[in-house]
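Undergrad: Could you have a look at this structure, given as structure tokens, before my questions?
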Amino acid sequence: MGEILQIKDLQVSYGGIDAVRGISFNVREGEIVTLIGANGAGKSSTLRAISGLVKPRGGSIVFNGDDITGLDPTAVVSKGLMMVPEGRKIFPNLTVLENLRIGAYLRKDQLDSDIEMVYNYFPRLKERSWQAGGTLSGGEQQMLAVGRALMGRPKLLMMDEPSLGLAPIVVQGIFEIIEQIHKAGTTVLLIEQNANMALHVADRAYVIENGRISMEGTGKDLLEDENVKAAYLGTAGK
Numbered sequence: 073m074g075e076i077l078q079i080k081d082l083q084v085s086y087g088g089i090d091a092v093r094g095i096s097f098n099v100r101e102g103e104i105v106t107l108i109g110a111n112g113a114g115k116s117s118t119l120r121a122i123s124g125l126v127k128p129r130g131g132s133i134v135f136n137g138d139d140i141t142g143l144d145p146t147a148v149v150s151k152g153l154m155m156v157p158e159g160r161k162i163f164p165n166l167t168v169l170e171n172l173r174i175g176a177y178l179r180k181d182q183l184d185s186d187i188e189m190v191y192n193y194f195p196r197l198k199e200r201s202w203q204a205g206g207t208l209s210g211g212e213q214q215m216l217a218v219g220r221a222l223m224g225r226p227k228l229l230m231m232d233e234p235s236l237g238l239a240p241i242v243v244q245g246i247f248e249i250i251e252q253i254h255k256a257g258t259t260v261l262l263i264e265q266n267a268n269m270a271l272h273v274a275d276r277a278y279v280i281e282n283g284r285i286s287m288e289g290t291g292k293d294l295l296e297d298e299n300v301k302a303a304y305l306g307t308a309g310k
């Protein structure tokens, strides 16, 4: 498969503080790629730069053959790159169905079949389609955030900490859905503190430390690496 995303020497700063210090990586079409690392390592800043929410200080971002470095978020979305943001960020006063329709705001075609597709992934959302998003549980809001992104028919789906703040049984369900979405043909770039879960589903993975990539390999290889075990899995020597 060809590379759908190419990041070269990406640099992101906030008020003179370097959050991302020249990282390079790629995502091939049809993969799940994960970035793991501690809080403040630069993972979310990387996604925010790719999605256009922050302007990189340097480097390049090429998506599906187009240089999208510094484009605004709407232009990035129009090219087929969607993000499920950290903290869900659904619209709490809108219904589940209205939230889903907002995910397709750039589309001009019929949405009914894709709404049903989302409901097939998340039957709970169908049961609550007329319920205000803000009344959903944390897990249900995460389902809604994923479903909203899928309504844009992404060529690449980026997910920022999808397990954050969720109970373990809900996290398991979210990762099962990520695998289903992937098997249905969507490429996924995943940012996740739950390194164990992320590496189990990933084709390839990168470790980010202090704004730089310190290690890369297949998900399986990093699961078995003693340094990764000690730093992120809590299983060194086991």
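According to the working numbering, the sequence shown is numbered sequentially starting from 73. Ideal placement from N, C-alpha and C gives every residue a C-beta, glycine not left out.
1. Can you name the start and end residues of the alpha helix (DSSP H) that Y193 belongs to?
2. Could you spell out the range, first to last residue, of the alpha helix (DSSP H) harbouring N282?
3. Quick check: what's the CA-CA separation for I187 versus E298?
4. With a threshold of 7 Å on Cβ separation, who are the neighbours of S235 within its own chain once the five nearest residues in sequence on each side are excluded?
5. Once the 5 residues before and after I121 are set aside, which same chain residues still bring their CB inside 8 Å of it?
6. Give me the residue from G206, G210, M231, T207 with the minimum Cα distance to V218.
7. Less than 9 Å separating the beta-carbons of V190 and L172?
8. Note down, one range per segment and in chain order, each alpha helix (DSSP H) of at least 4 residues found wholly within the region 213-284.
9. Do you know how far the Cα of L107 is from the Cα of E251?
10. Beta-carbon within less than 6 Å of G114's beta-carbon, same chain only, minus the 5 sequence neighbours each way: which residues are those?
TA: This is what the structure holds:
1. 184-193
2. Element bounds for N282: n/a, residue is neither H nor E.
3. 44 Å
4. V243, I246, E264, N266, M269
5. Reading off the sequence shown, one finds Ala at residue 121, where the question assumed Ile. If we look at A121 and ignore the five residues flanking it on each side, its Cβ neighbours are L82, V84, V92, K127, P128, I133.
6. M231
7. yes
8. 240-255, 267-273
9. 16 Å
10. A91, V92, I280, G283
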